[in-house]
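>
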Amino acid sequence: MQTISRITDCRPSISSSTSDPFTARFGCGMPRGLRAQAQGMSWTDFVDRYSPSPSSGGLRLGSWSMTEGRAGLHDYDAILEFDGRTRAFRTSGPGPIGALTAVLHEAGRSIEILSFHQQPVTEGTATFVHCEHDGRRHWAMAISDRPTDSALRAVIAAANILTDR
């Protein structure tokens, strides 16, 4: 069952007693399951574990574009860099996240999004995804000035964490 939520009212924390690094930095909570895992971590350790840079994984989203399609669908073009090569993909779908998971499947990096959360933060939008691949589950996070970019980056981070070869 997929969970989708949007949490609001983030304010920088003035308390040093916060137990997770995201709340300490932004003053708002993370999804419960991730909050428990990140308890007591430093911000640097949290980012290393849940938001690895694209260069640290084998998969990088080189470009992403959308055009209006037919019947309420959009056409998406993506360039993925992985396994030392660059490959172009084209897919259609109602939204960018479904389209990206279809592209990842075609690239042999299938993941299932179990939970999706977005919230505004001082730096833009934070996206948290809880994903699964071959029975392994992991949270990933990304922050970007645009909500769609944040979501795409979080899904790529999850794919790198779960499907790194």
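Counting from 1 along the sequence shown, just add 84 to a position and that's the residue number in this note's numbering. Positions of the beta carbon are idealized from the N, C-alpha and C atoms, including for glycine.
Is it true that the region 159-178 meets the region 197-208, where meeting means three or more beta-carbon pairs spaced less than 8 angstroms apart?
The region 159-178 vs the region 197-208: no contact.
> Would you mind sorting R154 into buried or exposed? The rule is 16 or more other CB atoms within 10 Å of its CB.
Classification for R154: exposed.
> For A238, name the three-state secondary structure that DSSP assigns.
A238 falls in the helix class under three-state DSSP.
> Are G55 and S147 touching if we call contact CB-CB under 8 angstroms?
Beyond the ends of the chain as shown, which are 85 and 249, falls residue 55; an answer cannot be given.
> Need the endpoints of the alpha helix (DSSP H) that Q202 sits in, please.
Taken as a continuous stretch (DSSP letters only), Q202 belongs to no alpha helix (DSSP H), being part of the beta strand (DSSP E) at 196-205.
> Please report the straight-line C-alpha distance between S101 and A108, rounded to a whole angstrom.
Residue confidence is low: S101 scores 49 on pLDDT, short of 50, so the model does not pin down where it sits. No coordinate-derived value is stated.
> So, under 8 angstroms CB-CB, L188 and H214 are touching, yes? Tell me the CB distance rounded to an integer number of Å.
L188 to H214, Cβ: 16 angstroms. No contact.
> Around the C-beta of G241, are 16 or more other C-beta atoms found within 10 angstroms, so that it is buried, or is it exposed?
As written in the sequence, residue 241 is Ala, which differs from the Gly given in the question. Buried: at least 16 other Cβ atoms inside 10 Å.
> Please classify L157: does DSSP put it in a helix, a strand, or coil?
Here L157 sits in coil by DSSP.
> From what residue to what residue does the beta strand (DSSP E) around A172 run?
169-177 is the span of the beta strand (DSSP E), which, as asked, contains A172.
> Measure the alpha-carbon distance for G117 versus S126 and round it to whole angstroms.
Those two C-alpha atoms are separated by around 17 angstroms.
> Under 8 angstroms between the Cβ atoms of I195 and T211?
No, Cβ-Cβ distance for I195 and T211 is not below 8 angstroms.
> Smallest Cα separation from N145: which of V239, G156, G182, M225?
As written in the sequence, residue 145 is Leu, which differs from the Asn given in the question. Nearest option by C-alpha distance: V239.
> Three-state secondary structure (DSSP) at A108?
Note: A108 maps to helix in three-state DSSP.
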